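Okay, here's the thing in structure tokens:
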């Protein structure tokens with residue numbers, strides 16, 4: 001279906017040979033397939049068709065939780081914002097809440113979905129430590145491991161600001177390969193913002209003015225002096 005101004009209209013013809021049951025409608029663009037398929041639009045629908053003569057087995061509930069550190073890096077000793085997405089065995093969003101615990105079973109943060117199975121939490125991991133999420137409804141029986149914290153790397157956090165988008169860059173400035181040199185903001189493969197970072201510090205902040213930008217999604221990337229993306 002052609003998309004105009006973010007909307008596509010059309011219809012899908014269903015064969016009259018379909019059996020009654022649960023089906024899924026998925027929508028995406030070709031560009032989206034280059035990224036995480038978990039973000040594709042997905043809806044569960046019920047189809048009333050031909051009767052299915054096969055006996056139905058009881059539904060087994062399967063919960064999945066995936067974690068996405070903002071900026072792509074989960075770095076020890078730094079404040080990390082971790083997004084997560086919870087889904088069931090059909091790939092549909094699932095509402096969950098619980099605790100983030102370390103290897104000793106101590107609660108270090110809480111988490112709760114806010115929309116369509118998605119949410120986020122902040123965590124400063126310790127070096128050499130491991131962490132897992134324990135949903136309240138599976139307390140003591142199910143755990144979902146977070147990625148292992150990296151010893152080095154750059155953490156990028158972006159937040160709303162009255163002047164546009166406020167950003168935090170946290171790094172170990174004594175490592176040249178893992179030190180931010182400039183920041184790029186791009187929309188639809190066009191650079192709309194560029195900021196050279198001259199202060200070699202462990203914590204760098206700034207604001208990206210977005211008032212004059214076109215409507216759409218901006219991707220922000222931090223590079224080192226060699227042009228390698230760090231976050």
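Residue numbers (this note's numbering): 1 to 231.
Even for Gly, the Cβ is constructed at its ideal location relative to N, Cα and C.
From a predicted model like this one, the values you see are computed outputs, not experimental measurements.
1) For residue 26 versus residue 42, is the C-beta spacing smaller than 9 Å?
2) State the Cα-Cα distance for the pair residue 62 and residue 204, rounded to the nearest angstrom.
3) Could you tell me the distance, in whole angstroms, from the CA atom of residue 200 to the CA atom of residue 172?
4) Counting Cβ pairs closer than 8 Å, one from the stretch 101-115 and one from the stretch 152-172, do we hit at least three?
5) Any chance you could list the beta strand (DSSP E) runs of at least 3 consecutive residues sitting entirely within the stretch 168-229, in chain order?
6) In three-state DSSP terms, what is residue 151?
7) Among all the DSSP beta bridges, which residues are the ones paired with residue 87?
8) What are the start and end residues of the beta strand (DSSP E) that includes residue 110?
9) State the DSSP-derived secondary structure class of residue 129, mapped to helix, strand or coil.
10) Between 226, 195, 185 and 106, which lies nearest to residue 220 when the distance is taken from Cα to Cα?
11) Which of the three DSSP states is assigned to residue 25 in this structure?
So, from the data block:
1) Contact flag set, yes.
2) 42 Å
3) 9 Å
4) no
5) 182-187, 190-196, 203-209 and 219-223
6) coil
7) DSSP, once it has assigned bridges, lists 64 and 93 as partnering residue 87.
8) Note, residue 110: beta strand (DSSP E), 107-112.
9) coil
10) 185
11) If DSSP states are grouped into helix, strand and coil, residue 25 belongs with the strands.
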